[in-house]
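Undergrad:
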Amino acid sequence: MTDTKDLNKILREKGYKFTTQRQHVFEVVSENEGMHLNSQEVYELVRKKYPEIGVATVYRTLALLEEMGLIYGVDFEDGFRRYEVTKDDEQHRHHHLICIECGSI
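All letters in the sequence shown, in the order written, are residues 22 to 126 by our numbering.
1) Grab me the residues of Val79's own chain with a C-beta within less than 7 Å of its C-beta, minus the 5 sequence neighbours each way, in chain order.
2) Roughly how many angstroms separate the alpha carbons of His113 and Glu87, rounded to a whole number?
3) Quick one: give me the first and last residue of the beta strand (DSSP E) that Ile92 is part of.
4) Would Leu32 and Arg43 qualify as a contact pair, given that the criterion is a beta-carbon distance under 8 Å?
5) Taking 6 Å as the limit between beta carbons, can you name the residues of its chain near Val49, skipping five residues before and five after?
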């Protein structure tokens, strides 16, 4: 699942509207693959494209996309939930190694 048409189709099949806000949130997570963005980082990047969006909308959209299996969240024990796009060919989540010295992923 990598494009907006797929997102639109899946949302509608599940009874949700395809909105500009949902599109931008998904695009930011997708465009930053491997960056492990937290919700605040997603919000800041979405605001560059769509300044009117509120932080609560980003949180709700991330939760909805995760609930639908389009993205998944990972907790790295740093107090933040970080997001990645679920890939079609990914039957499982990949592992992350975290440096215990500096905390980098």
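Don't be surprised by glycine CBs; every beta carbon is placed ideally from N, CA and C.
Quick caveat: nothing in here was measured; it's all calculated off a predicted structure.
TA: According to the structure data:
1) Val46, Ser60, Val63, Tyr64 and Val67
2) Low confidence applies to His113: its pLDDT is 47, below 50, so where it sits in the model is not reliable, and the reading given next is rough at best. Roughly 15 Å between the two C-alpha positions.
3) Ile92 to Asp96
4) yes
5) Val63, Leu66 and Val67
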